[in-house]
Amino acid sequence: MIWTVYLSGEIHTDWREQIQAGAEAAGLPVEFTAPVTNHEASDAAGDVLGKPDVPFWRDHQSSKVNGIRTKTLLEQCDLAVIRFGDKYKQWNAAFDAGFCAAMGTPYVTLHGDDIVHPLKEVDAAAMAWAQTPEQVVEVLKYVTTAK
Numbered sequence: 001m002i003w004t005v006y007l008s009g010e011i012h013t014d015w016r017e018q019i020q021a022g023a024e025a026a027g028l029p030v031e032f033t034a035p036v037t038n039h040e041a042s043d044a045a046g047d048v049l050g051k052p053d054v055p056f057w058r059d060h061q062s063s064k065v066n067g068i069r070t071k072t073l074l075e076q077c078d079l080a081v082i083r084f085g086d087k088y089k090q091w092n093a094a095f096d097a098g099f100c101a102a103m104g105t106p107y108v109t110l111h112g113d114d115i116v117h118p119l120k121e122v123d124a125a126a127m128a129w130a131q132t133p134e135q136v137v138e139v140l141k142y143v144t145t146a147k
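Residue 1 is where the sequence shown starts when you use our numbering, and the numbers rise one by one after that.
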């Protein structure tokens, strides 16, 4: 079986690439999906429908267009990894974690111990909490190969 792993959350570091490289080096039977990680492209996703003058409506429109991808990929994944960085508040990542919890899709959170308290509810529904991409790879190794 090939597992589909959705990589959600912060877009300002290379954590996705680290997990993908680690999984590839370990020969794990996984394929990865993710949201659009180009911030400008994501913010402008709805502009093809006409750019609203009010910033709220531009964000609303782009969020809905982005939501097509996010909802579809989260519904299709076997496992999600939800990354919370220390610099920005990733409300979208918290929403993705809640969506996974509501659907019964297992997820692993990835964040430092300095934000355990604000993420206590998100972590409580997670199947695991990792602090490094290497730990995520080890979890993937175990669940996909039982080793």
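In this text, a Cβ means the ideal position worked out from N, Cα and C, and glycines have one as well. Bear in mind that the values here come from a model prediction, so they are computed numbers and not experimental data.
Distance between residue j and residue i (C-alpha atoms, nearest Å)
i, j, result
"F84", "T4", "20 Å"
"E40", "A128", "31 Å"
"A26", "I2", "14 Å"
"L28", "N66", "29 Å"
"T51", "P35", "Sequence check: residue 51 is Lys here, not Thr. Answer to the nearest angstrom: the Cα atoms are 21 Å apart."
"F99", "E121", "13 Å"
"Y88", "T109", "16 Å"
"G46", "E31", "28 Å"
"A130", "H111", "7 Å"
Residue of the options minimising C-alpha distance to residue i
i, options, result
"D114", "D86, Q135, Y107, W15", "D86"
"E75", "L28, T33, H111, N38", "T33"
"A23", "M103, V54, L7", "L7"
"A126", "H117, D53, A80", "A80"
Helix, strand or coil at residue i according to DSSP, with G and I counted as helix
i, result
"T144", "helix"
"L49", "helix"
"I19", "helix"
"A126", "coil"
Host alpha helix (DSSP H) of residue i (start-end)
i, result
"L28", "Looking at the DSSP string, L28 is not in any alpha helix (DSSP H), and its letter there is neither H nor E."
"T70", "55-76"
"G98", "91-103"
Span of the beta strand (DSSP E), counted from its first residue to its last, around residue i
i, result
"A80", "79-83"
Inter-stretch contact at 8 Å, needing at least 3 Cβ pairs: the stretch 15-29 / the stretch 131-138: yes
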